[in-house]
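Those protein sequence lines, which keep their order, are chains C and V. Read in this note's numbering, the first sequence has 441 at position 441, and its numbers run on one by one without any break. Read in this note's numbering, the second sequence has 1253 at position 253, and its numbers run on one by one without any break. Some notes on the structure that comes next.
2 protein chains.
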Amino acid sequence: MMNYPLTLTNLLKRGTTLFPQKEIVSRELDGTIVRLNYGEFYRRTAQLANALRELGITKNKRVGTLAWNTHRHLELYFAVPCMGATYHTVNIRLSPKDIIFIINHAEDEILFIDGDLLPLLEAIKNQIQVKTFVVMGNQKKYNTTLSLINYEDLIAKQPENYDWPELDEWDIAGMAYTSGTTGEPKGVQYTHRALVLHSIVAGLPDIMNISESTVMLHIVPMFHANAWSIPFATVMTGSKQVFTGPRATPEDMIGLIEREKVTFTAAVPVIFRMLYEYLKANPGKDISTWKNSVCGGSAPPPSLVKAFKEDFDMEIYHAYGLTETTPLITWNVPKSYMKLDDQAFYDLKTKQGLLVPLLEMRIEKSDGSEAKWNGEEMGELLVKGPWIAKEYYKDPDETFRKMTKGWFRTGDIVTIDKEGYIKIVDRIKDVIKTGGEWISSVDLENEIMAHPAVLEATVIGLPHPKWDERPLACVVLRPGMKGKVSEKDIVDFITPKFAKWWLPDKVIFIDEIPKTSVGKFDKKVLRAQFENLYQKDQE
Amino acid sequence: MMNYPLTLTNLLKRGTTLFPQKEIVSRELDGTIVRLNYGEFYRRTAQLANALRELGITKNKRVGTLAWNTHRHLELYFAVPCMGATYHTVNIRLSPKDIIFIINHAEDEILFIDGDLLPLLEAIKNQIQVKTFVVMGNQKKYNTTLSLINYEDLIAKQPENYDWPELDEWDIAGMAYTSGTTGEPKGVQYTHRALVLHSIVAGLPDIMNISESTVMLHIVPMFHANAWSIPFATVMTGSKQVFTGPRATPEDMIGLIEREKVTFTAAVPVIFRMLYEYLKANPGKDISTWKNSVCGGSAPPPSLVKAFKEDFDMEIYHAYGLTETTPLITWNVPKSYMKLDDQAFYDLKTKQGLLVPLLEMRIEKSDGSEAKWNGEEMGELLVKGPWIAKEYYKDPDETFRKMTKGWFRTGDIVTIDKEGYIKIVDRIKDVIKTGGEWISSVDLENEIMAHPAVLEATVIGLPHPKWDERPLACVVLRPGMKGKVSEKDIVDFITPKFAKWWLPDKVIFIDEIPKTSVGKFDKKVLRAQFENLYQKDQE
């Protein structure tokens, strides 16, 4: 069989030659709607590639984007890799410090930035090596000291075709950085091969089910793990695409769903929550074409899944993945033979799902053996496959930590049930390692937080001279409950739920749980604070 | 990204570990129904691999099959390539001469044969080098002089797991021979990579739309181009599979559709015709689950597509491909925005369809330039892609003829309309090359056969001193019409339909059109007979 490479150029050519009339709709910051068809999208993409070549972009050079979901970002998603260069989607939500780090670390040559994000760039311009800035949007003038090229001016007079080079499928197409909670962000490079394979598998009927008749609303940011490859998959199939544009509100998104007859979208739980609340507060919107969605980031709350289904006949599926995995690892869909009552159905919905085709997995227990498929044994999820990172960009130490013997360590502690559905129960850094076994801090937290007097609680593992680690529960009581609930009350409350050795050795009442900048429990702080608690006990 | 190979082993493991309860149903020759689940299928496949290893099968050795669609053939489809060897599906419908040639040419080490086909093997046993024969079926004894191993005995005591080797995606998984109308059959080798990519793309929503809930009836023979990769795709997705078994009648097939609640099948036009006639003659069958099918081999007659849709709510899609192309090249599905009346819809159904993802095409006119997308310009279809053959097995001459500059020449003369739908108008060997242009013999034949006095007609190109070739029409009149229709009548009848230079220089009335063994017009014979007709005219 021919050695024909898997490249994004093939997907671009297919979508734009077979479906030139299909529509792309994109919202500008001021609400203006831009409409173009796939034929125009192709010509603009070719113009962009010509302009990039003039600006000195050659094979493997990095083109950074600080951008929302727009048709221009889509043009960058194709023009840059198809000319042999690498798109680098910068997560606009990172701290300025991290943004400076990753732009310099990736050695971006040019930055494409949406107009409303210029203040962000202004603030860091002297700390990054990039000198060429292209501003996107329909605004004519910007109040800035930056020297800017306007995107539309840049591409305007360029030829409407491009002599796309013959690429190797192992050529790098894109890159993104993980927003790791510890240390510097880590860079991941995506090959053409990985993106093409991921796009096809993502489009399968048991996964996103993307067809020519799909109308896709792009909510998941294009600066998050290739927007889950949905822009590539939809171009391949010739689907109508709708881009939410900068700073879209729930009203903007629902408006687009209603007017453009959107059938599918991808987003995180907080967005689904906002959309649901908007719909309840603003009845009468016709969103009847919107039948399915994928929820990533974390599992959608079952109550929200149920509410969308019952109130709006819209089904939310959960998918799980990471920046290092392009991102798809699992997809949660019930099997056709499962007879699930309401409770079982929504329990299933809280799981991450079944491993998608072409990947391989291993669930490694604390002793290195494989976890049984019984929904109870815990292990770290390790994966292999054609869209799994084999290294971090210029970071051999982190590569060594996370990639072992051909496997990528997800850092997620999971169980797997007898039907093969994976459920994340903890992060490897938070799981409590005791006597050669693991205890899920998350499970303990959930049960403690079910106590009516508890406002919030976190459980951490502390060093212990005999057992390696033992759990400590840090509990914040509801206002007025202080002094009315004892350590024993808490332990008694959760005792029926766990094996004896799972129970925390101590429960400490605190005023507040320290949080990270994104609002997650910052267990590092508590672990440092109580580091010697169990050591001292033994002295 | 990891260099993780695309192999059938991955599909086998996914299907059998995630969906061990899903069913495989297979009909024996005597009508007995065998039921096994994916767990059992995996264990039997591992047992088969162990048995093959004992029989001396090692990497790259060829295992031949002379077999119908059964669960055992499915086990061979996986055990052989996943252990690193090559399955060679022998087309049981070929002449004994061709079967001898291909078994020897492929150097098959073992032959797996269904019991009812033993007479075929008896007749050729002294002309093939194979000495090991495994017979399949539930019959205990066979009346034969051959020394046979029974399949069930062969695998019975083998271990139920196998240490599958790590394969390269470029390793050969299978092979098949084209049943070329000229010369010896030509061998095509399929890599793991090609079969995996083909299987995923074939499963996409806009193509076969294969999901876990699909119930697949395998009608297209497993000795035809990997059964269009459907066995691989369905194992990957965990679909229920139903095998028609040896010598299945329409009654057998409809019975399986009814009892097993089949949703999809793949077959050729003659089978669809037989199924339709059976259903009309035997009303009351509940085939309501059967919603979609793919028709290959040639385009299904629009009347049949319409009849199935109107009478049984079952939609037939056409796909086009060749043994050399694994086989999928195009798939015919209307685009969502097309507003087609009945006539336009069924006209579209006669076309081969849109190029499937990951392939690339070129429609090469007689002068080497590319045909315009206007539904009129004709050119030979050339294709490239990850499942297109780059060579014929041990046949450099044929490789040289058919693979040029990285393209595979399909030998099909096509037009392409402005929406990108390909339509085959002739074979390159039959198209009439005149004055640097091409005339479709098929188009002329169809119009001549529309004349009420004409029973059948064929048009051939004859050597011509000035125009290179000119058309000759050979016409068979209906009984009683001889002498009542003139050459001029025929030409006048078709004149309104064609440009003047398309019209045949002569019309000859003959008693019968010579036919090949499979009933096609044998134009070679006529070309030889009339070879000098136009040369002489000029002398």
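Cβ atoms here follow ideal geometry from the backbone N, Cα and C, with glycine treated the same way. Small disclaimer: the values here were computed from a predicted structure and weren't measured.
Checklist entry - Leaving out five residues before and five after W1164/V in sequence, what residues of the same chain have Cβ atoms less than 6 Å from its Cβ? => result T1009 and C1082
Item to check | Backbone CA spacing between T1263/V and D1311/V [nearest angstrom] | outcome: 16 Å
Checklist entry - Whole beta strand (DSSP E) runs in the region 104-176 of chain C with 3 or more residues, listed along the chain? => result 108-114, 132-136 and 148-150
Checklist entry - Does DSSP put I1254/V in a helix, in a strand, or in coil? => result helix
Item to check | Neighbouring residues, chain C, relative to L1055/V (Cβ below 7 Å) | outcome: Those within 7 Å of L1055/V in chain C number zero; the least Cβ separation is about 28 Å.
Checklist entry - Is the beta carbon of I363/C less than 8 Å from the beta carbon of V414/C? => result yes
Checklist entry - At what residue ranges does the region 1364-1422 of chain V contain a whole run of the beta strand (DSSP E), taking only runs of 3 or more? => result 1379-1384 and 1407-1416
Next on the checklist: Looking at chain C, is there any beta carbon in it that lies within less than 8 Å of the beta carbon of E1212/V?
Outcome noted: yes
Checklist entry - Quick one, which of I388/C, S288/C and W228/C has its alpha-carbon nearest G297/C's? => result W228/C
Next on the checklist: By alpha-carbon positions, which one of E1054/V, K1351/V and Y1278/V ends up nearest to I1416/V?
Outcome noted: K1351/V
Checklist entry - Taking T40/C as the reference, which of V63/C, L55/C, G15/C and W68/C has the closest Cα? => result First, the residue type needs correcting, since residue 40/C is Glu and not Thr in the sequence shown. Out of V63/C, L55/C, G15/C and W68/C, G15/C has the C-alpha closest to the C-alpha of E40/C.
Checklist entry - Of the residues K1240/V, Q1021/V, T1323/V and F1019/V, which one's Cα is nearest the Cα of S962/V? => result With chain V covering 1001 to 1539 only, the question about residue 962/V has no answer from this structure.
Checklist entry - Can you find a C-beta in chain V that's less than 8 Å from the C-beta of Y190/C? => result yes
Checklist entry - Excluding the five sequence neighbours on either side, which residues of its own chain have a C-beta within less than 7 Å of the C-beta of I1128/V, listed in chain order? => result I1100, I1103 and N1104
Checklist entry - Along chain V, in chain order, which residues have C-beta atoms closer than 8 Å to that of Y337/C? => result Q1021 and K1022
Item to check | Proximal residues of chain V, C-beta to C-beta of L388/C below 9 Å | outcome: Looking at the sequence shown, residue 388/C is not Leu but Ile. Correct list: M1001, M1002 and Y1004.
Checklist entry - DSSP beta-bridge partners for D426/C? => result I413/C
Next on the checklist: So for M361/C, helix, strand or coil by DSSP?
Outcome noted: strand
Checklist entry - Of all the options V1268/V, L1279/V and M1236/V, which has the alpha carbon lying nearest to the alpha carbon of E1257/V? => result Contrary to the premise, residue 1257/V reads as Ile rather than Glu in this sequence. Among V1268/V, L1279/V and M1236/V, the Cα nearest to that of I1257/V is on L1279/V.
Checklist entry - Quick one: what's got a C-beta closer than 8 Å to P1130/V's C-beta in the same chain, skipping five residues either side? => result Note on identity: in this sequence residue 1130/V is Val, with Pro being the wrong assignment. Hits under 8 Å: G1064, I1103, D1108, E1109, I1110 and L1111.
Checklist entry - Along the region 225-237 of chain C, what residues have a CB closer than 9 Å to any CB found in chain V? => result M236 and T237
Checklist entry - Counting only runs that start and end within the region 1448-1523 of chain V, where is the beta strand (DSSP E) found for 3 or more residues in a row? => result 1454-1464, 1468-1477 and 1506-1509
Checklist entry - By how many angstroms is the C-alpha of E75/C removed from the C-alpha of D114/C? => result 14 Å
Item to check | Identity of the residues DSSP links to H1318/V by a beta bridge | outcome: C1295/V and N1332/V
Next on the checklist: Let's test the definition: count the other Cβ atoms within 10 Å of the Cβ of S147/C and tell me whether it reaches 16, buried, or not, exposed.
Outcome noted: exposed
Next on the checklist: Using 8 Å as the cut-off, can you tell me whether the region 152-162 of chain C makes contact with the region 48-59 of chain C, which would need three or more C-beta pairs spanning the two stretches below that distance?
Outcome noted: yes
Checklist entry - Taking Cβ positions, are N37/C and K22/C nearer each other than 8 Å? => result yes
Item to check | Same chain only: Cβ atoms within 6 Å of M1216/V, ignoring 5 sequence neighbours per side | outcome: T1234, S1239, Q1241 and F1264
Checklist entry - Relative to the alpha-carbon of M253/C, which residue among T237/C, M236/C and R273/C has its alpha-carbon at the smallest distance? => result R273/C
Checklist entry - Pairing CB atoms from the region 1338-1355 of chain V with CB atoms from the region 1387-1405 of chain V, are three or more of them under 8 Å? => result no
Item to check | Interface residues of the region 363-395 of chain C facing chain V [CB-CB below 8 Å] | outcome: K384, G385, P386, W387, I388, A389 and K390
Next on the checklist: For a cutoff of 8 Å on Cβ pairs, would you count V491/C as touching chain V?
Outcome noted: no
Checklist entry - Around the Cβ of A1528/V, are there at least 16 other Cβ atoms within 10 angstroms (buried) or fewer (exposed)? => result exposed
Next on the checklist: Between which residues of its own chain and Y177/C is the CB-CB distance below 6 Å, once the five residues before and five after are set aside?
Outcome noted: I102, P185 and G187
Next on the checklist: Taking 8 Å as the threshold (beta carbon to beta carbon), is G115/C in contact with chain V?
Outcome noted: no
Checklist entry - What residues match up with M216/C in a beta bridge as DSSP calls it? => result Q241/C and F264/C
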